[in-house]
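In the UniProt record's numbering, the protein residues as written are 1 to 545. Even glycine gets a Cβ: it sits at the ideal position worked out from N, Cα and C. Model, not experiment: these values are computed from the prediction. First comes the structure, then the notes that go with it.
Written out as structure tokens, the structure is:
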């Protein structure tokens, strides 16, 4: 046993689970705890311009690192982060949100404090808000802090959801006696249930004439990409992803068919294979409106086996007492599966990009980017028009893909790319629209001051193009003022020592900019000027229900 403050105990636990960086914004109720972070040699403080951007950044960090942590202050700080934390909850991203609060005695004495709602129980109101967007909320007290902290971390790890930890000023500095044992993440499950599932699935595969796997985002969240790959390769079963699950499969694998999005899948041949399959294995996937052509799925529901973290479902059976990871590993290692059905092999060769002086279009931009990316790059895409570009870019081996197709908060990707870069040594490339960038561009301060070497490709078509496609083309609310965004970068880096800012209007300029990006170790900003009404092929007709 050793003596340690509760604040430092929490930081030790964060470091133990692989967190090296904490994002956030300082505020008067978290400054003492922030001192502990600064003194901790195993942790780095990443100060952001506001809490919303910090919540986006930690989400991107957690998607690469596996888990992340954010610190905000009571009331104004924590509520500014609600949108980002809700997105992490929606998309199963484990984030530990720590909130510095006033001393517990102030609450007990029903004092009305600044950052409150003007009532004596405001802290309870904030906690209730977070109860809806986290898997667990705790208000630390000196007596139970160890169990509260350990339990919260386990919830984040097990359920792949955010947790919320309120740490009062006096509790953070309170000394306790604690052991040095590592956290235990052992979980119980029904082994017989697993055996029954595996036996049933094995029989279905062995009797199938045309099986296909739809891989989802939870394969990534639970670190099962290599296990799924082993299962696919061992049995020769074709696999697709949805836009939500993109990156969960090696897209250079000849058994990988592409991105499936229901009725309006751009490659009709992919949709036909799914729709005619006599066995559809859906692994770790959640269909959403934007990744399923608004739920227009034409495969036979009677042929579906659904395997996820919350349930396994097929025929008239539903199982809930299982381990998702253990099941996928059992399937990957089962040598008695003998699939003899049809497999389609794909041999993809990227179309060479031969630039001309023609204006840039989405279709040609996709060709250029397919030639740009290399192994281990990280592509962070915003939602909107660029969604229908990015999700159809072929990922090279060991590339990661980050997008927010369910929560779909535009602007998310720029701060998220900051977090992704901090968590990785790989090249991080962010693609977003001008409307999205308008919401978060103040985080340029962080990128330039901390010299974070991401590449941001801004698609400038002077408006909310995705909104125009949905409704209101020509309406003033979908228009944006004309801005030379590349000049904006110079306001944050006037000497140009920490960044490179480029504006491209034709294919040759685009190619030159991408070459510069590939070789640079600075922040590279590429403003791509597009025709106002140009849209990706995959978007045409998508919203015509």
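The Cβ neighbour count for residue 151, taken over all protein chains shown within 10 Å, is under 16; the residue is labelled exposed. Contact annotation: residue 383 and residue 404 have beta-carbon atoms nearer than 9 Å. Of the other Cβ atoms in all chains shown, 16 or more fall within 10 Å of the Cβ of residue 63; this residue is therefore buried. Counting only the Cα atoms, residue 487 lies some 20 Å from residue 360. The three-state reading of DSSP puts residue 172 in helix, counting H, G and I together.
Under the DSSP definition of a beta bridge, residue 153 lacks any partner. If you compare the alpha carbons of 392, 70, 541 with that of residue 47, the shortest gap goes to 70. If the five residues before and after residue 38 are omitted, its C-beta is found closer than 8 Å to the C-beta atoms of 45, all from its own chain and listed in chain order. Nearest C-alpha to residue 323 among 190, 459, 533, 141: 190. Looking from the CA of residue 66, the closest CA among 218, 407, 300, 205 belongs to 218. A Cβ-Cβ contact shorter than 9 Å links residue 240 with residue 270. A Cβ-Cβ contact shorter than 9 Å links residue 445 with residue 492. Taking 9 Å as the cut-off, the Cβ atoms of residue 327 and residue 312 count as close. Around residue 154, the same chain offers 183, 185 as residues with beta carbons nearer than 8 Å, after the five sequence neighbours per side are excluded. DSSP places residue 49 outside both helix and strand once states are collapsed to three, so it counts as coil. Taking the Cβ atoms as the reference, residue 399 lies roughly 5 Å from residue 377, within the contact range of under 8 Å. Sequence-distant Cβ neighbours of residue 202 in its own chain, meaning closer than 7 Å and more than five residues away, are 334, 336, 337. Distance from the CA of residue 196 to the CA of residue 248, rounded to the nearest whole angstrom, comes to 26 Å. In the three-state reduction of the DSSP assignment, residue 158 falls in the helix class, which pools H, G and I. Between the stretch 88-103 and the stretch 416-425 there are fewer than three inter-stretch CB-CB distances shorter than 8 Å, so the stretches are not counted as touching. Only residues of its own chain outside the window of five on either side were considered, and among them 448, 451, 522, 523 have a CB closer than 7 Å to the CB of residue 498, listed in chain order.
Contact annotation: residue 9 and residue 176 have beta-carbon atoms nearer than 9 Å.
Collapsing the DSSP output to three states places residue 3 in a strand. As summarised for the stretch 297-378, the continuous beta strand (DSSP E) elements at least 3 residues long and confined to that stretch are 304-307, 312-314, 317-319, given in chain order.
The criterion of a C-beta distance shorter than 9 Å is not satisfied by residue 213 and residue 224. Distance from the CA atom of residue 40 to the CA atom of residue 5, rounded to whole angstroms, is 13 Å.
Excluding residues up to 5 positions away in sequence, 378, 417, 420, 421, 454 lie with their Cβ nearer than 6 Å to the Cβ of residue 428 in the same chain. For residue 514, the three-state secondary structure derived from DSSP is helix. Residues 74, 75, 76 of the same chain have their beta carbon placed closer than 6 Å to that of residue 115, with the five preceding and five following residues left out of the count. One Cα belongs to residue 30, the other to residue 373, and the distance between them is close to 41 Å.
Around residue 194, the same chain offers 322, 323, 326, 327, 330 as residues with beta carbons nearer than 8 Å, after the five sequence neighbours per side are excluded.
For residue 109, no alpha helix (DSSP H) run applies, since DSSP gives it neither H nor E. Nearest Cα to residue 136 within the set 505, 144, 127: 127. In this structure, the alpha-carbon of residue 364 lies about 25 Å from that of residue 245. With at least 16 other beta carbons inside 10 angstroms of its own, residue 391 counts as buried. Around residue 332, the same chain offers 227, 230, 231 as residues with beta carbons nearer than 6 Å, after the five sequence neighbours per side are excluded.
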